[in-house]
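Undergrad: Chains as they are written, first to last, in my numbering: chain D, 3 to 413; chain H, 3 to 413; chain S, 3 to 413; chain G, 3 to 413.
Cβ atoms here follow ideal geometry from the backbone N, Cα and C, with glycine treated the same way.
Bear in mind the structure is a predicted one, so any value in this text is a computation, not a measurement.
Number of protein chains: 4
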Amino acid sequence: MSDSNQMSAHKKAVLAYSGGLDTSVILQVLKEQGYEVVAFIANVGQDEDFEKQAERARIIGAAEVFVEDLCREFVDDFIFPAIAGNAVYENRYLLGTALARPVIARRQVEIAERVGATAVAHGATGKGNDQVRFELGYAGLGPHLEVIAPWKDPEFLARFAGRTDLLNYAEEHGIPIEASSEKSYSMDENLMHKSYESGMLEDPSLAPKPEMFDLTRSAMDAPDTPARLEIEFVDARPVRVKDLDSGEEETDSLALFAMVNRIAGEHGVGRIDMVENRYVGIKSRGVYETPGGTLLHFALRDLEGITMDREVLALRDTLAPKFTQLIYNGYWFSPEMDFIRAAFDQAEKMVTGTVKVQLFKGGLQALGRKSPVSLYNEALSSMDIAGGYEQADAAGFIRIASLRLRGGRHG
Amino acid sequence: MSDSNQMSAHKKAVLAYSGGLDTSVILQVLKEQGYEVVAFIANVGQDEDFEKQAERARIIGAAEVFVEDLCREFVDDFIFPAIAGNAVYENRYLLGTALARPVIARRQVEIAERVGATAVAHGATGKGNDQVRFELGYAGLGPHLEVIAPWKDPEFLARFAGRTDLLNYAEEHGIPIEASSEKSYSMDENLMHKSYESGMLEDPSLAPKPEMFDLTRSAMDAPDTPARLEIEFVDARPVRVKDLDSGEEETDSLALFAMVNRIAGEHGVGRIDMVENRYVGIKSRGVYETPGGTLLHFALRDLEGITMDREVLALRDTLAPKFTQLIYNGYWFSPEMDFIRAAFDQAEKMVTGTVKVQLFKGGLQALGRKSPVSLYNEALSSMDIAGGYEQADAAGFIRIASLRLRGGRHG
Amino acid sequence: MSDSNQMSAHKKAVLAYSGGLDTSVILQVLKEQGYEVVAFIANVGQDEDFEKQAERARIIGAAEVFVEDLCREFVDDFIFPAIAGNAVYENRYLLGTALARPVIARRQVEIAERVGATAVAHGATGKGNDQVRFELGYAGLGPHLEVIAPWKDPEFLARFAGRTDLLNYAEEHGIPIEASSEKSYSMDENLMHKSYESGMLEDPSLAPKPEMFDLTRSAMDAPDTPARLEIEFVDARPVRVKDLDSGEEETDSLALFAMVNRIAGEHGVGRIDMVENRYVGIKSRGVYETPGGTLLHFALRDLEGITMDREVLALRDTLAPKFTQLIYNGYWFSPEMDFIRAAFDQAEKMVTGTVKVQLFKGGLQALGRKSPVSLYNEALSSMDIAGGYEQADAAGFIRIASLRLRGGRHG
Amino acid sequence: MSDSNQMSAHKKAVLAYSGGLDTSVILQVLKEQGYEVVAFIANVGQDEDFEKQAERARIIGAAEVFVEDLCREFVDDFIFPAIAGNAVYENRYLLGTALARPVIARRQVEIAERVGATAVAHGATGKGNDQVRFELGYAGLGPHLEVIAPWKDPEFLARFAGRTDLLNYAEEHGIPIEASSEKSYSMDENLMHKSYESGMLEDPSLAPKPEMFDLTRSAMDAPDTPARLEIEFVDARPVRVKDLDSGEEETDSLALFAMVNRIAGEHGVGRIDMVENRYVGIKSRGVYETPGGTLLHFALRDLEGITMDREVLALRDTLAPKFTQLIYNGYWFSPEMDFIRAAFDQAEKMVTGTVKVQLFKGGLQALGRKSPVSLYNEALSSMDIAGGYEQADAAGFIRIASLRLRGGRHG
């Protein structure tokens, strides 16, 4: 709660600012309401002119502007752990947007503490998932901060019923707005993915237009020659990617993620089109491009085959829907996430090794995998030699395992 | 246990007979041991000359030969329920072999009852999964039957230490054997898939040779023009498949499954290469071609998006690893499977509707989905109109949902 | 939402009416707001004068009064399934209050339909679980109905800030109120239990006063002679209870539940004192008396020992926390509950047999159990005879089961 | 496998020796088979004369005898973690025997390494759970060791078909045997519990004889005055127990566990009589006395109420059946146990505080609990004051939570 007993001059809000119409209007409105506004521009890898955004915030009247490059922590602390934990929402969505929210919320709370702000604000809609993800993040990390979410505020909603109201208000207050034709869908972009929803996508019986896509070529336009990459993981984190044809190699997490994004995108990997369930109970149609993430998921699942114990894998996959749901719903900073992460960290130890993958026209194919800590035992696996296995043992194994099934009922 | 008090002439065994070297030798050995042998040849869609196999069994001395077409029940009772239940073993394997075992075991036990046999026999190795699947099937359905598994019998193993011993024995006893060069891997084929393992595949760091594949073209050889299919499901079972280009349409379960197999195979869909965990504790490398199954999985997951309740989907997916494990390990006929199936049947009700899918060079893409019982509400989903949703409600929702996260500790 | 375009005379609400101060005031306020109010008094086994309550509702101005005896459906449709499904919230609470809410909500919606009401109303607080349980019930069964919950209405909350405001309003409007000293805690009573919370119980470091309890004697005051009951279950539902000392026997569900309540209460069985987690995120201290339910839980778990398959039991218990959470949170009428119930119904088949239990000073002790469909096999279980078990089989079983553990890592 | 090519003098086995007839005979038989035998006598708190056992081993011809006091590590490393993890097998059994097996197996493997043994041996039956627990322990910790389990060896089984054969053999070889009438049931005792099974207990319809029990008084013979204990936990481990009447207090883990055992036993706490499912597929009747363990379970669950987050508790309890099954089946030293323990360790942090419990005639009652890190917020919990909670928020919460339930189907 804001401390309304203080003088209004002491109300200070850190606004997650995108440079767009909505958050520009919100910045101005917050000023009207007596807040000193700090604009926080988060660079999570989206293709934007951050300096231009910062300048706009200053023009509107931000007391201070922070442009923060969160790319590395986004990759290291959120994207890679999610891939390691097999986080796939409702069997398909790789959580590109969901993963970007906690990294933004975390920095926003840090800035609020640094500048002595009393409030944090965001411009996410009241119908979506992002509002929840931001606000649960604030709750977990800065529970004392006032949360300002104008798109849930009845007064704000009444005042700005449509885009025209926003535009008029911007004009009245001299807020600089980019002349842009309204898109027929909304987008969100970051290092991990680009997502598309609403507008013309709201009819799930229709395919998206080919020209909508941005990070990936269509399978039909992808090169006729496959790419072949070698990906090395240590403890379930990628540490090296090598293009087996060009010899290009990256070992830095950010650089290698950019590299897999570029190559996978070129080969048409990572488009998803689905109807998913939002946390607020609404079914929603989303289209996603997650080129590099799709590739890393594929490679890591493959490596688990030779490095992860069977029962650990089964337990991990039993918990994976819950892990995924926590990410999707916004509970990254929660005790239940800590609980699951502790187990997953344990599972991910020793998922170390190298996988070769072929990329071709949207498809992925494993070309081989090896590991210094492989649990695969070629002799034991062999159908030709015993390798330390007594086939006769299986007789007892099956008789004991089936005892329960054979046992009749005895009154 | 066999009723050894009876005269040996009364020992009667139903042998799952494949026409190959192993089961031919076993047939002869069983006769030697005083069994009257009934040969049971199961047609689960593999590409074989069943009449030739039957003839061979008669030559060796089978008292009776049953050639049983199990294709329809395989599709209806096993393949479709597995797809409906999202059964994907260790994130990739669609269980083609595992699903064929219970349908064979079931018929084998039925024949044993029909002919008054005291035993059932199979030729599966003691290192693999299939022995378990057969024998758990026998245990569940015919617990009174003696189980004969020569590849776990120390005496048999000592006698037939290598392939040469089998060949020599066959020659001695006039068992007709097809002149075949030994394959550099072993295969299993049925309606759902073709699998490859062992031999040169035992080194997981090497990719399989392109010429090994049979049911699917490689992505590189697939047509340059995509196929577009419309697939209709009722209660999570496919009931109609239509080729949107040629107009070809099938509604019979067997015919439609053949159709999706053919078209998906042509377009390179459904190859999997992985290291998996056998029930007997061995990691094993398997390569699979599951064209139609892969397509139906994809389409059904897509349809679940608009027809399945979020919480039901989450619960189903939490249990799916267990469901899958039961199939993989051979527990189709078990009380725990009945438990899970009861829940899954409930989940699958109303997963009814139509999905359009594009197939291209090994990849699948959803082109749209619709359902007469869709839970998707376009107005509610819309970002432009309220559709009965009050954005202000979300404020309370989030505050309550985060109360637990915000709550400090109070001593 | 109410159809506010209609004339106010057409607004008609069914109010869950308890005869107490809160719902009496609400009845009057609804009238003020132009609603025609139908009072619905639910008899779920609490010790009340329902006719007096009905009379009071009429005096205040209820257009119609329904006094509904829900005891039998409460026992048959809610209490017994919950016990069968091992529903124990946070390891202790047997859900007495949570189970009564859906049976009330269901009838309330039925009455709303019968009388053509547009709204349903309840007097539960905005901090508790019951509001959620009522309103999720309304949502599942009567989604078109307006929900009136004054204790969440800011205007109502402002008008009635304390008990004095309610009493003054009652006096002003001639609402008849029982002269009662305010209790130092709040209570809820029904067939299954009596619960106590708030007031002096809000300090969890203090034990409740002995005189608070009503349905159970304290262990110290319980008889010095134990009671011995024989309880028969069919498909996990109790069908007969016999007092082995007095010979008293009941077979009707309602009568036998009253009988176990009486005898268990007399012997001090079923007191629970705990801090639990409410759905709205608040930790709350609750004290409960659930005599008969505690006894039936104990007896049924015991019977499962000889009648339920091991793996089914393990799966059931893995899902039991979710089943319990759904009941506690109010999701009885939901698709996820249908999913779980389908599986549990399957598990509960054949949990048939008889258990003898001794009750003494708050404790329960099994004296023996038997079943016509027992899975217990005395010969197999025996340590003295084989009973069809080959000990040597266990060698193979263990070697295979431990293969995974023994396997070193192989690079 | 033993390296049988080596000279017999090099075969050296560490035998888990109990001083009883079975392991005495096994010791002699191993010698006959050319093993140098090291006798390992594990003190896990059972009431035995260990020196007399050691003397007997020497007389029979053990090359070396180790008497090892494992009590402290049994309590610290196995009993307390199991209680912390809510390990209750099939809703009742507290795993007293199962927990003692890994601590014994661990030391046995350590001794084998210390003395350069090639084998480990035990005398557990082939029908029970203990053989599996021992051998999975050996597999996890000493996979290279030969495992000798005579009661699964067909030759041994044929030679010693009954107790008379063992007695005759003992007499022939001058093995000193205690003159003991054969018990009508078998027992196992350790610090945590005493268990009874087989013999006259094999009929589950009959109650055990009152005189069988040893660690607990019957409720009827328990004192008429309750005991009241205060138990302090830090991170879910008991660190202090105080008798609130006598003032007796213990803080050492071993001493406090002895104290709760003594007091709980005196007050009749901890008797369990059940039919459970063994890992080898047999249903078995077991009767247990676990006085102190029962008390600590009760107290710790109570403390979790004020200190453990709701969602963590729910996740922990969802995994508890698996955790319990791993202990029961013998998988303490396994990667899947490490996975679960990592999560549980996380959950157990901050389960710190004090619980007062009353013990009376077999029953337990909480008298209050408090914690320096309590999550319970009295103001928030209060029904009289807001405590930072806005009741109106619950309206939005419920509307959003029920959106999914209200949503009709839209074609």
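Could you check the C-alpha separation between R60 of chain G and L147 of chain G for me, to the nearest Å?
TA: Counting from one through the fourth sequence, the residue named residue 60 of chain G turns up at place 58. Counting from one through the fourth sequence, the residue named residue 147 of chain G turns up at place 145. Cα to Cα, R60 of chain G sits roughly 24 Å from L147 of chain G.
Undergrad: Compare the C-alpha of Q133 of chain D against each of H:P228, H:A397, H:F136, H:D245 and name the closest.
TA: The residue you call residue 133 of chain D lines up with position 131 of the first sequence. Ranking the options by Cα distance to Q133 of chain D, first place goes to H:A397.
Undergrad: Alpha carbon to alpha carbon, how far is N331 of chain G from T218 of chain H?
TA: In the fourth sequence, the residue the question calls residue 331 of chain G occupies position 329. In the second sequence, the residue the question calls residue 218 of chain H occupies position 216. Distance between the alpha carbons of N331 of chain G and T218 of chain H is about 44 Å.
Undergrad: Tell me the DSSP bridge mates of T2 of chain H?
TA: Only positions 3 to 413 of chain H appear in this structure, which leaves residue 2 of chain H out of reach.
Undergrad: Report yes or no: do three or more beta-carbon pairs, one from the region 43-59 of chain D and one from the region 96-107 of chain D, lie closer than 8 Å?
TA: Flag = yes, the region 43-59 of chain D and the region 96-107 of chain D touch.
Undergrad: In whole angstroms, what separates the C-alpha of A86 of chain G from that of V77 of chain G?
TA: Start at 1 with the first residue of the fourth sequence, and residue 86 of chain G comes out as number 84. Start at 1 with the first residue of the fourth sequence, and residue 77 of chain G comes out as number 75. For A86 of chain G and V77 of chain G, the distance between alpha carbons rounds to 12 Å.
Undergrad: Inspect the CB distances between the region 332-339 of chain S and the region 204-213 of chain S and report whether three or more fall short of 8 Å.
TA: Result no; under three Cβ-Cβ pairs closer than 8 Å.
Undergrad: Checking 8 Å against the spacing of the C-beta atoms, do E291 of chain H and K185 of chain H come in under that value?
TA: For the purposes of this step, residue 291 of chain H is taken as residue 289 along the second sequence, with counting starting at 1. For the purposes of this step, residue 185 of chain H is taken as residue 183 along the second sequence, with counting starting at 1. Going by C-beta atoms, E291 of chain H is not nearer than 8 Å to K185 of chain H.
Undergrad: Assign Y198 of chain H to one of three DSSP states: helix, strand, or coil.
TA: As a working mapping, residue 198 of chain H is identified with position 196 in the second sequence. Looking at Y198 of chain H - three-state DSSP - the assignment turns out to be strand.
Undergrad: Taking the CB atoms as reference points, tell me whether Y2 of chain D and T326 of chain D lie closer together than 8 Å.
TA: Here chain D covers residues 3 to 413 and nothing more, so residue 2 of chain D does not appear.
Undergrad: Tell me the rounded alpha-carbon separation between F362 of chain S and H269 of chain S.
TA: Reading the third sequence from its first residue, position 360 is the one you call residue 362 of chain S. Reading the third sequence from its first residue, position 267 is the one you call residue 269 of chain S. F362 of chain S and H269 of chain S: Cα-Cα distance of roughly 6 Å.
Undergrad: Taking the C-alpha atoms as reference points, what is the distance between I400 of chain S and A15 of chain H?
TA: Residue 400 of chain S sits at position 398 when you count from the first residue of the third sequence. Residue 15 of chain H sits at position 13 when you count from the first residue of the second sequence. Their Cα atoms are separated by approximately 29 Å.
Undergrad: For a minimum of 3 consecutive residues, which ranges assigned as the beta strand (DSSP E) are wholly contained in the region 249-282 of chain D?
TA: Entirely contained in the region 249-282 of chain D, the beta strand (DSSP E) runs reaching 3 residues are, in chain order, 273-279.
Undergrad: Could you please give the first and the last residue of the uninterrupted alpha helix (DSSP H) stretch that includes I28 of chain D?
TA: Counted from its first residue, the first sequence places residue 28 of chain D at position 26. It spans 23-34 - the alpha helix (DSSP H) in which I28 of chain D sits, taken as one unbroken run.
Undergrad: Terminal residues of the continuous beta strand (DSSP E) containing M339 of chain S?
TA: As a first step, residue 339 of chain S must be located in the third sequence, where it is residue number 337. No beta strand (DSSP E) holds M339 of chain S; the alpha helix (DSSP H) holding it covers 337-350.
Undergrad: Closer than 8 Å is the cut-off here; do at least three beta carbon pairs connect the region 226-233 of chain S with the region 116-125 of chain S?
TA: Counting Cβ pairs under 8 Å, fewer than three are found: no touch.
Undergrad: Interface residues of chain G around F215 of chain S at Cβ under 8 Å?
TA: Locating residue 215 of chain S in the third sequence gives position 213, counting from the first residue. Those within 8 Å of F215 of chain S in chain G number zero; the least Cβ separation is about 11 Å.
Undergrad: Excluding the five sequence neighbours on either side, which residues of its own chain have a C-beta within less than 7 Å of the C-beta of G142 of chain S, listed in chain order?
TA: Within the third sequence, numbered from 1, the residue matching residue 142 of chain S stands at position 140. These residues qualify, in order along the chain: F335, S336.
Undergrad: Can you tell me which residues form a DSSP beta bridge with P240 of chain G?
TA: Taking the first residue of the fourth sequence as 1, we reach residue 240 of chain G at position 238. For P240 of chain G, which the question treats as bridged, DSSP gives the partners G:F235.
Undergrad: In whole angstroms, what separates the C-alpha of Q393 of chain H from that of V271 of chain H?
TA: Sequence index remark: in the second sequence, residue 393 of chain H carries index 391 (1-based). Sequence index remark: in the second sequence, residue 271 of chain H carries index 269 (1-based). Spanning the two alpha carbons is a distance of roughly 43 Å.
Undergrad: What residues from chain G crowd round E338 of chain D, counting only those whose CB sits closer than 9 Å?
TA: On the first sequence, residue 338 of chain D is found 336 positions in, with the first residue counted as 1. Ordered by position in chain G, the residues that pass the 9 Å Cβ test against E338 of chain D are D311, R312, E313, V314, A316, L317.
Undergrad: Output needed in chain order: residues of the region 149-162 of chain H with a Cβ under 9 Å from some Cβ in chain D.
TA: So the close ones are V149, A151, W153, K154, D155, P156, L159.
Undergrad: Measuring CB to CB, does N192 of chain H end up less than 8 Å from G130 of chain H?
TA: The residue labelled residue 192 of chain H in the question sits at position 190 within the second sequence. The residue labelled residue 130 of chain H in the question sits at position 128 within the second sequence. Going by C-beta atoms, N192 of chain H is not nearer than 8 Å to G130 of chain H.
Undergrad: Output the boundary residues of the alpha helix (DSSP H) element that contains G390 of chain S.
TA: For this step, residue 390 of chain S is matched to residue 388 along the third sequence. Counting along the chain, G390 of chain S falls outside any alpha helix (DSSP H), and DSSP gives it neither H nor E.
Undergrad: Can you give me the start and stop residues for the beta strand (DSSP E) that L17 of chain H sits inside?
TA: Your numbering for residue 17 of chain H matches position 15 in the second sequence. 14-18 is the extent of the beta strand (DSSP E) around L17 of chain H.
Undergrad: Report yes or no: do the region 161-168 of chain H and the region 250-264 of chain H share at least 3 C-beta pairs separated by less than 8 Å?
TA: Touching, no, given that fewer than three Cβ pairs across the two stretches are closer than 8 Å.
Undergrad: Taking the alpha-carbon positions, what's the L302 of chain D to A238 of chain D distance?
TA: Numbered from its first residue, the first sequence carries residue 302 of chain D at position 300. Numbered from its first residue, the first sequence carries residue 238 of chain D at position 236. Roughly 7 Å between the two C-alpha positions.
Undergrad: My assumption, with CB atoms under 8 Å, is that G201 of chain H sits in contact with A221 of chain D. Please give the rounded CB distance.
TA: Translated into the one-based positions of the second sequence, residue 201 of chain H becomes position 199. Translated into the one-based positions of the first sequence, residue 221 of chain D becomes position 219. In fact, because the Cβ distance is near 33 Å, the residues do not count as touching under 8 Å.
Undergrad: Mind checking whether P178 of chain H and F82 of chain H have CB atoms under 8 Å apart?
TA: The residue labelled residue 178 of chain H in the question sits at position 176 within the second sequence. The residue labelled residue 82 of chain H in the question sits at position 80 within the second sequence. In this structure, F82 of chain H does not lie closer than 8 Å to P178 of chain H by Cβ.
Undergrad: With a threshold of 16 other CB atoms inside 10 Å of the CB of H299 of chain G, please say whether the residue is buried or exposed.
TA: Here residue 299 of chain G refers to the residue found at position 297 of the fourth sequence. Buried.
Undergrad: If you pair each beta-carbon of the region 276-285 of chain D with each one of the region 372-384 of chain H, do three or more pairs fall below 8 Å?
TA: Touching, yes, given that three or more Cβ pairs across the two stretches are closer than 8 Å.
Undergrad: Just tell me which of S:A100, S:V69, S:I62, S:F68 has its CA closest to the CA of F80 of chain S.
TA: Position 78 of the third sequence, counted from the start, is the residue given in the question as residue 80 of chain S. Checked all of S:A100, S:V69, S:I62, S:F68; the closest Cα to F80 of chain S is S:A100.
Undergrad: Helix, strand or coil: how does DSSP classify L297 of chain D here?
TA: As a first step, residue 297 of chain D is located in the first sequence; it is residue number 295 there, counting from the start. It is helical.
Undergrad: Since Y140 of chain H is in the alpha helix (DSSP H), which residue starts that stretch and which ends it?
TA: Position 138 of the second sequence, counted from the start, is the residue given in the question as residue 140 of chain H. Start and end: 132-143.
Undergrad: Please return the same chain residues whose Cβ sits closer than 8 Å to the Cβ of K285 of chain H, not counting the five positions on each side in sequence.
TA: Mapped onto the second sequence, residue 285 of chain H falls at position 283. If we look at K285 of chain H and ignore the five residues flanking it on each side, its Cβ neighbours are V277, E278, N279.
Undergrad: In chain order, what residues of the same chain lie with their CB nearer than 6 Å to the CB of E2 of chain S, ignoring the 5 residues before and after it?
TA: It is not possible to answer for residue 2 of chain S, since the shown part of chain S is limited to 3 through 413.
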